[in-house]
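Trainee: Sharing a structure here in structure tokens format.
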Amino acid sequence: MSDSDVLSYAELKVDVLCNGVAYAEGFLPAYAARPDWIGKRRAYGNSDLAQFGTTKVPQEFRLKDGTICSANFVPSSPYQLSISEEGPYLLDTRKDTAFQIRFPLEPKAYAFDLSNGRPFKEVATYYGETTLGFFNPGHCYYFDEGTQCRFCSLGPAREETDHVMKVLPGLAQEAVRLSAELDGDRVVRTLINGGNARNYDRGFGNQTRLAVALAEVNREFLGGRLTNHLIAMPPKDFELMKPLHGVVDRLAMSLEIYDPELFAEICPGKHRDFGRDRFLDAYSAAVGVLGPGRVYVGLVAGLEPVESVVEAMWRFGEQGVVPAIAVFHPGRGSIFETYPRPRPEDILAIGREMQKVYRKFDFTAFIESSGRNSIDTEAQRYAF
Ligand code: SF4
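Structure representation (structure tokens):
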């Protein structure tokens, strides 16, 4: 099989996400020799099952039809990234077949500093080629108490990263302007994500202030060209969601796991300090502020039965809440580092049901064409 035989790039993406990618011999030096190809940034955690230090590695690639796919390093993967004279390709070593790929370009803004002297890339990250991400705060208090989500590698990853722990609104605005000046219209959206503050209401307030600053710079300097996306833990006081109206286009809150018992087991901090019931109420409150189709429930596929995820997608869909599904990939340093990877057939079963939910309720992906670990864009396109 090669590109000419591919029936579905969505299915290929799922298989790659479930297996990860290895590097063919000579790949890393060849990748490093291309300064125009983007190097991986680790603001959100470490999805590579090896430590690469300052060695430049790829963070994502696009398949021939444009499908974006994460490059999560797994040394035993049957998929290998490779580079020939004709360009980069993905090799399935089980069938000795090659698929043409391309790597996103290193943003010009990555070479510049902001006005406080800090490099742009310590404050902002290009994610999935077209999303400008701000990770704030860079710490999640669950790690202090050993109650972090079992799949999360944020704590250990932060020991090795140069990202700032706190993104100041003024610097985020500067980063947006610099990105537009240097990289043109490549970025089509901003995305705020981050760890959790112990005081949920204060944490949500900080994220809101950052979102307001991004909406402002977008309106005043970019003619409102960008859409503004926020992933946040809900506040305890739902009134605090009201200021998001007219500020964010989409809000995602990550329940992660739908099954109540597995939720308590896999996300002990969220279970103990916030609670599943309060989470479920938060979605209704958010839909009341932003309207149906603009609030997303983040779920991790591969850690609970398929039926449970399917039940969640329909239940939330009926409420106007869009399922956003990330495929579980063990992160280096996470408690689930050695947990079995998902089975492609399970993820495909979820994808086939998910596209029905998207079609029925006319949903769109959280970050269309940019979600390298998710199957949202593929569900929106009915690609399964
Ligand atoms: S809430 Fe969970 S997934 Fe999010 S940063 Fe904290 S530990 Fe990681």
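Take the sequence shown: its letter number 106 is residue 88 in the working numbering, and every next letter is one higher. For every residue, glycine included, the Cβ atom is placed at its ideal position computed from N, Cα and C.
#1: Quick check on the burial criterion: 16 or more other C-beta atoms within 10 angstroms. Buried or exposed for residue 126?
#2: Taking just the CA atoms, how far does residue 210 sit from residue 156?
#3: Strictly by DSSP, which residues pair up with residue 114?
#4: Per DSSP, which residues does residue 7 bridge with? Please list them.
#5: Would you say residue 124 touches ligand 1, meaning its beta carbon is less than 7 Å from a heavy atom?
#6: If we ignore side chains and look at the alpha-carbon of each, how far apart do residue 317 and residue 135 end up?
#7: Please indicate yes or no: does the CB of residue 181 lie closer than 7 Å to some heavy atom of ligand 1?
#8: If we count the other Cβ atoms within 10 Å of its Cβ and call it buried at 16 or more, is residue 189 buried or exposed?
#9: Considering only heavy atoms of ligand 3, does any lie closer than 7 Å to the CB of residue 131?
#10: The alpha helix (DSSP H) with residue 310 in it runs from where to where?
#11: To which residues of the same chain is residue -1 closer than 6 Å at the C-beta, ignoring the five residues directly before and after it?
#12: I'd like the ranges of any beta strand (DSSP E) spanning at least 3 consecutive residues and lying wholly in the stretch 151 to 200.
#13: Give the DSSP bridge partners of residue 43, in chain order.
#14: Quick check: residue 281 and residue 305, are their CB atoms within less than 8 Å of each other?
#15: In the DSSP assignment, the beta strand (DSSP E) including residue 331 goes from what residue to what residue?
#16: Report yes or no: do the stretch 242 to 250 and the stretch 92 to 101 share at least 3 C-beta pairs separated by less than 8 Å?
#17: According to DSSP, residue 33 sits in a beta bridge with which residue or residues?
#18: Check whether the Cβ of residue 178 lies closer than 7 Å to any heavy atom of ligand 1, and answer yes or no.
#19: Nearest-angstrom Cα distance between residue 106 and residue 60?
#20: Say the cut is 7 Å; is the CB of residue 0 nearer than that to a heavy atom of ligand 1?
#21: Would residue 72 and residue 81 be called neighbours here (beta carbons separated by less than 8 Å)?
#22: Is residue 136 a contact residue of ligand 1, with contact defined as CB to any heavy atom under 7 Å?
#23: What residue range does the beta strand (DSSP E) around residue 66 cover?
#24: Beta-carbon separation of residue 58 and residue 313 under 8 Å?
#25: Considering only their Cβ atoms, is the gap separating residue 230 from residue 212 smaller than 8 Å?
#26: Go to residue 283, then tell me how far its alpha helix (DSSP H) extends in each direction, as first and last residue.
#27: Given a threshold of 16 other Cβ atoms within 10 Å of its Cβ, counted over all protein chains shown, does residue 33 qualify as buried or as exposed?
#28: Please name the residue, chosen from -15, 269, 41, that lies closest to residue 5 on a Cα-to-Cα basis.
Mentor: With the given structure in hand:
#1: Position 144 of the sequence shown, counted from the start, is the residue given in the question as residue 126. Looking at its Cβ environment, which holds fewer than 16 other Cβ atoms inside 10 Å, residue 126 is exposed.
#2: Looking up residue 156 in the sequence shown gives position 174. Looking up residue 210 in the sequence shown gives position 228. The alpha-carbon atoms of residue 156 and residue 210 are separated by roughly 16 Å.
#3: If you number the sequence shown from 1, residue 114 lands on position 132. DSSP lists 108, 172 as partners of residue 114.
#4: Along the sequence shown, read from residue 1 onward, the residue named residue 7 stands at position 25. Residue 7 is not bridged to any residue.
#5: Within the sequence shown, numbered from 1, the residue matching residue 124 stands at position 142. Checking the Cβ of residue 124 against ligand 1 gives yes.
#6: For the purposes of this step, residue 317 is taken as the residue at position 335 of the sequence shown. For the purposes of this step, residue 135 is taken as the residue at position 153 of the sequence shown. Approximately 8 Å, taken between the alpha carbons.
#7: To locate residue 181, count along the sequence shown from 1; it is residue 199. No, the beta carbon of residue 181 sits no closer than 7 Å to any heavy atom of ligand 1.
#8: Along the sequence shown, read from residue 1 onward, the residue named residue 189 stands at position 207. Buried, by the Cβ-count rule.
#9: Looking at this structure, you won't find ligand 3 anywhere; what it does contain is ligand 1.
#10: As a working mapping, residue 310 is identified with position 328 in the sequence shown. Counting along the chain, residue 310 falls outside any alpha helix (DSSP H), and DSSP gives it neither H nor E.
#11: What you label residue -1 is simply residue 17 of the sequence shown in a count that begins at 1. Here the set comprises 309.
#12: 171 to 175
#13: Numbered from its first residue, the sequence shown carries residue 43 at position 61. Partner(s): 51.
#14: On the sequence shown, residue 281 is found 299 positions in, with the first residue counted as 1. On the sequence shown, residue 305 is found 323 positions in, with the first residue counted as 1. Closer than 8 Å, so yes.
#15: Counted from its first residue, the sequence shown places residue 331 at position 349. Where residue 331 is concerned, there is no enclosing beta strand (DSSP E), although the alpha helix (DSSP H) it sits in stretches over 326 to 343.
#16: no
#17: Here residue 33 refers to the residue found at position 51 of the sequence shown. According to DSSP, residue 33 bridges with nothing at all.
#18: Reading the sequence shown from its first residue, position 196 is the one you call residue 178. Flag set: Cβ of residue 178 near ligand 1.
#19: For the purposes of this step, residue 106 is taken as the residue at position 124 of the sequence shown. For the purposes of this step, residue 60 is taken as the residue at position 78 of the sequence shown. If I take the Cα positions, the gap works out to 33 Å.
#20: Along the sequence shown, read from residue 1 onward, the residue named residue 0 stands at position 18. Because no heavy atom of ligand 1 lies under 7 Å away, the Cβ of residue 0 does not count as near it: no.
#21: In the sequence shown, the residue the question calls residue 72 occupies position 90. In the sequence shown, the residue the question calls residue 81 occupies position 99. Cβ atoms of residue 72 and residue 81: closer than 8 Å.
#22: One-based indexing of the sequence shown puts residue 136 at position 154. Checking the Cβ of residue 136 against ligand 1 gives yes.
#23: As a first step, residue 66 must be located in the sequence shown, where it is residue number 84. Looking at the DSSP string, the run of the beta strand (DSSP E) that includes residue 66 is 61 to 66.
#24: By one-based count along the sequence shown, residue 58 stands at place 76. By one-based count along the sequence shown, residue 313 stands at place 331. No, the Cβ-Cβ distance between residue 58 and residue 313 is not below 8 Å.
#25: To locate residue 212, count along the sequence shown from 1; it is residue 230. To locate residue 230, count along the sequence shown from 1; it is residue 248. In this structure, residue 230 lies closer than 8 Å to residue 212 by Cβ.
#26: On the sequence shown, position 301 is the one that residue 283 refers to. Where residue 283 is concerned, there is no enclosing alpha helix (DSSP H), although the beta strand (DSSP E) it sits in stretches over 277 to 283.
#27: One-based indexing of the sequence shown puts residue 33 at position 51. It counts as exposed.
#28: Your numbering for residue 5 matches position 23 in the sequence shown. It is 41 whose Cα lies nearest to the Cα of residue 5.
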